[in-house]
Structure formats: C-alpha cells, structure tokens
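Q:
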Amino acid sequence: MTSWCYGKLLTSRTPVQLQFLRHKWITKIKVNVYPSLQERLAEKDEALRDPELHAPVNIGFSTAKRSRREKLYSQIEKSKALKQDETLERLARLKLLKVDLDDVQEQWTTTGAPAQTFVLAKHYKIFQDLFGNAFFVPHVYLNVFYNYNEELVSVVHRGNVIKPAEYISGWLKEVYSTQILHVENQIDFTYDSVAANTPSIQFESKPEDLWTLVMTNPDGNLYDSEYEVLHWFV
Numbered sequence: 001m002t003s004w005c006y007g008k009l010l011t012s013r014t015p016v017q018l019q020f021l022r023h024k025w026i027t028k029i030k031v032n033v034y035p036s037l038q039e040r041l042a043e044k045d046e047a048l049r050d051p052e053l054h055a056p057v058n059i060g061f062s063t064a065k066r067s068r069r070e071k072l073y074s075q076i077e078k079s080k081a082l083k084q085d086e087t088l089e090r091l092a093r094l095k096l097l098k099v100d101l102d103d104v105q106e107q108w109t110t111t112g113a114p115a116q117t118f119v120l121a122k123h124y125k126i127f128q129d130l131f132g133n134a135f136f137v138p139h140v141y142l143n144v145f146y147n148y149n150e151e152l153v154s155v156v157h158r159g160n161v162i163k164p165a166e167y168i169s170g171w172l173k174e175v176y177s178t179q180i181l182h183v184e185n186q187i188d189f190t191y192d193s194v195a196a197n198t199p200s201i202q203f204e205s206k207p208e209d210l211w212t213l214v215m216t217n218p219d220g221n222l223y224d225s226e227y228e229v230l231h232w233f234v
C-alpha cells in the first residue's frame with residue numbers, strides 16, 4: 001500500500017497542496033502587565049484630574065502685543081535697508097565687516113531673550129517649584145555678575161556654575177588679589193571669594209518705579225526638601 005501511494009503521487013498530475021496550521025499555545029504562567037511611565041505620570045498629574053483648578057495663571061506684566069504680520073513686515077524692512085547699504089556690502093565682500101557684539105546683545109535682550117528665558121524656566125520647572133501654577137515672561141532683563149577685582153567680573157548666565165570661592169593657577173596671582181598663608185613650610189594661595197560676596201545687579205528702570213528683588217534656591221534646603229533657601233529679599 002505504501003508503494004502504490006508513492007507511485008500514484010509520482011504519476012499523478014494533480015498538484016499537491018500543503019497547508020500549515022498554527023496551534024495556539026496557552027501559557028500557564030500569568031504575565032503581569034504593568035503601566036508604562038507615561039501612564040504612571042498621568043496618574044500623578046493633578047492637572048489632568050481637574051484642569052480648571054490647575055490652569056496656569058500669568059502673573060507677569062502685560063506688554064503691547066504685535067501681530068505676526070507687523071513683526072514680519074518690520075524684519076523685511078530692516079533686511080531691505082541693510083541690503084541697500086553699499087558700504088556694508090563692500091565690507092562683507094572684502095571680509096572686513098565687524099559685528100558689534102554689544103549691539104547684538106542689546107537687541108537680543110529686547111527681542112528673543114524674554115521668550116527663550118521663559119522656555120528654559122518652564123523646561124526646568126522653576127515656575128512650578130516657586131509659584132505652583134503661576135508663571136510670567138521675564139521682560140525685564142537682569143545683568144548679574146560677581147566682582148573678582150576692579151577689572152574682572154564673573155557674569156551669571158543661564159547654566160554656568162559660579163562657586164563661592166575660586167582657586168586659580170599661580171601665574172594669575174598678579175591679576176587677582178591673594179593672601180599667602182605659611183603653614184608648615186607650605187605656601188597656599190587663598191583667592192578672594194566669588195559667589196560668597198554680594199553680586200552686582202543691573203536692569204533698566206524708571207526713577208519712579210519700585211521693585212522687589214528676590215534671590216532664592218528652591219533645591220538648596222538641606223533640612224527639608226519641601227522648602228527653599230531665601231538668600232535675598234530686598
């Protein structure tokens with residue numbers, strides 16, 4: 001019977017159809033499906049539970065808003081004026097054009113600085129740690145720096161670290177004021193403290209305006225993480 005079937009398959013012109021079957025395997029092990037990180041954060045986010053109660057509130061100054069069309073038109077007019085300046089074109093072609101960085105800094109403080117500073121503060125949740133649901137756009141630009149001596153200063157930017165005391169190499173001892181301490185025939189250079197001193201703060205204001213300046217550290221309380229460290233309130 002086996003040989004007869006074998007011979008029939010060889011001589012038959014009927015195509016052979018092979019069908020593959022998949023059998024469902026039922027596991028006996030119960031797999032626990034845990035929520036994802038996004039789902040866990042959504043559970044802890046109180047703003048999703050009650051959006052009206054936790055709606056953000058702008059506590060900053062109200063400024064005159066310009067439409068996008070007006071801003072674009074102003075930029076186009078400035079660009080046309082620069083392109084028609086033959087002196088600038090000649091200096092740029094000869095690679096002799098110099099850009100005034102102070103002018104660039106001044107224009108940036110009134111155009112892009114408020115929005116960029118607000119985005120950084122929102123990204124690092126500074127408003128949330130200080131005011132909860134309140135926020136503001138910093139339209140008043142602050143220049144903060146610490147004095148090294150009469151000639152050099154250390155400017156505070158958004159991200160740099162300024163230590164309470166800086167120790168620099170010995171060849172700078174003539175530039176920075178130093179105090180030589182003789183301890184067991186060893187010489188140490190103790191330089192003037194930097195962030196331990198009172199900083200200098202500059203900003204534009206009218207003579208009749210009144211301001212409150214606060215210098216705080218939301219993460220600097222070593223005794224209770226729920227509180228902040230208030231350095232200045234003037």
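Under the numbering used here, the residues of the sequence shown are numbered 1 to 234, in order.
Don't be surprised by glycine CBs; every beta carbon is placed ideally from N, CA and C.
These numbers come from a predicted model, not from an experiment.
For the candidate residues Leu222, Glu204, Ala165, Thr212, whose alpha-carbon lies nearest to that of Asn197?
A: Start at 1 with the first residue of the sequence shown, and residue 197 comes out as number 197. When only C-alpha atoms are compared, the closest one is Ala165.
Q: Using the Cβ count rule (16 or more neighbours within 10 Å means buried), how would you classify Tyr148?
A: Within the sequence shown, residue 148 is the residue found at index 148, counting from 1. By the 10 Å Cβ count, Tyr148 comes out buried.
Q: Does any residue of chain B bring its CB to less than 9 Å from the CB of Ala113?
A: Of the chains in the structure shown, none is chain B; there is only one protein chain.
Q: Please confirm whether Phe118 and Ile59 have their CB atoms less than 9 Å apart.
A: The sequence position of residue 118 within the sequence shown is 118, counting from 1. The sequence position of residue 59 within the sequence shown is 59, counting from 1. No, the pair does not count as a contact, with Cβ atoms beyond the cut-off.
Q: Does DSSP put Trp211 in a helix, in a strand, or in coil?
A: Within the sequence shown, the letter at position 211 stands for residue 211. Correct three-state label for Trp211: coil.
Q: Determine which residues share a DSSP beta bridge with Tyr146 and list them.
A: Here residue 146 refers to the residue found at position 146 of the sequence shown. According to DSSP, Tyr146 bridges with Ser154.
Q: Is the beta carbon of Ser200 sitting closer than 9 Å to the one on Val153?
A: Taking the first residue of the sequence shown as 1, we reach residue 200 at position 200. Taking the first residue of the sequence shown as 1, we reach residue 153 at position 153. Yes, Cβ-Cβ distance for Ser200 and Val153 is below 9 Å.
Q: Under 6 Å Cβ to Cβ from Val155, same chain only, skipping five residues before and after it: list those, please.
A: Within the sequence shown, residue 155 is the residue found at index 155, counting from 1. Same-chain partners within the cutoff: Phe145.
Q: Taking a contact to mean a Cβ-Cβ separation below 9 Å, would you say Tyr73 touches Thr110 in this structure?
A: On the sequence shown, residue 73 is found 73 positions in, with the first residue counted as 1. On the sequence shown, residue 110 is found 110 positions in, with the first residue counted as 1. No; because the gap between Cβ atoms is not below 9 Å, this pair is not in contact.
Q: Given Gly7, which residues of its chain have a CB within under 8 Å of its CB, disregarding the five upstream and five downstream residues?
A: To locate residue 7, count along the sequence shown from 1; it is residue 7. With a pLDDT of 44 at Gly7, under the threshold of 50, the predicted position of this residue should be treated as unreliable, though the coordinate-derived value follows. For Gly7, where only same-chain residues beyond five positions count, there are no Cβ hits under 8 Å.
Q: Alpha carbon to alpha carbon, what distance is there between Tyr223 and Arg66?
A: Translated into positions along the sequence shown, residue 66 becomes position 66. Translated into positions along the sequence shown, residue 223 becomes position 223. One C-alpha to the other measures close to 47 Å.
Q: For a minimum of 4 consecutive residues, which ranges assigned as the alpha helix (DSSP H) are wholly contained in the stretch 72 to 102?
A: The qualifying runs are 86 to 93.
Q: First and last residue of the beta strand (DSSP E) that includes Phe131?
A: Mapped onto the sequence shown, residue 131 falls at position 131. Segment 126 to 131 is the alpha helix (DSSP H) holding Phe131; no beta strand (DSSP E) there.
Q: Starting from Leu230, trace the alpha helix (DSSP H) both ways and give me its first and last residue.
A: Position 230 of the sequence shown, counted from the start, is the residue given in the question as residue 230. That residue, Leu230, is in no alpha helix (DSSP H); its beta strand (DSSP E) goes 229 to 233.
Q: Is the separation between the beta-carbon of Glu226 and that of Gly220 shorter than 9 Å?
A: For the purposes of this step, residue 226 is taken as the residue at position 226 of the sequence shown. For the purposes of this step, residue 220 is taken as the residue at position 220 of the sequence shown. No, the Cβ-Cβ distance between Glu226 and Gly220 is not below 9 Å.
Q: Which residues mark the beginning and the end of the alpha helix (DSSP H) in which Lys206 is found?
A: Your numbering for residue 206 matches position 206 in the sequence shown. Segment: none, Lys206 is in no alpha helix (DSSP H) and carries neither H nor E.
Q: What are the start and end residues of the beta strand (DSSP E) that includes Ile201?
A: On the sequence shown, residue 201 is found 201 positions in, with the first residue counted as 1. Note, Ile201: beta strand (DSSP E), 200 to 202.
Q: Pull up the distance between the alpha-carbon of Arg158 and that of Asn32, whole angstroms please.
A: In the sequence shown, residue 158 corresponds to position 158, counting from 1. In the sequence shown, residue 32 corresponds to position 32, counting from 1. Between Arg158 and Asn32, the C-alpha separation is close to 45 Å.
Q: Indicate the three-state DSSP secondary structure (helix, strand or coil) for Ala196 in the structure shown.
A: Locating residue 196 in the sequence shown gives position 196, counting from the first residue. Ala196: coil per DSSP, three-state reduction.
Q: DSSP three-state label for Phe118, please.
A: The residue labelled residue 118 in the question sits at position 118 within the sequence shown. If DSSP states are grouped into helix, strand and coil, Phe118 belongs with the helices.
Q: According to DSSP, Asn58 sits in a beta bridge with which residue or residues?
A: Counted from its first residue, the sequence shown places residue 58 at position 58. Partner(s): Phe135.
Q: State the DSSP-derived secondary structure class of Thr111, mapped to helix, strand or coil.
A: In the sequence shown, the residue the question calls residue 111 occupies position 111. Coil at Thr111, not helix or strand.
Q: Once the 5 residues before and after Val137 are set aside, which same chain residues still bring their CB inside 6 Å of it?
A: The residue you call residue 137 lines up with position 137 of the sequence shown. If we look at Val137 and ignore the five residues flanking it on each side, its Cβ neighbours are Gly60, Pro114, Phe118.
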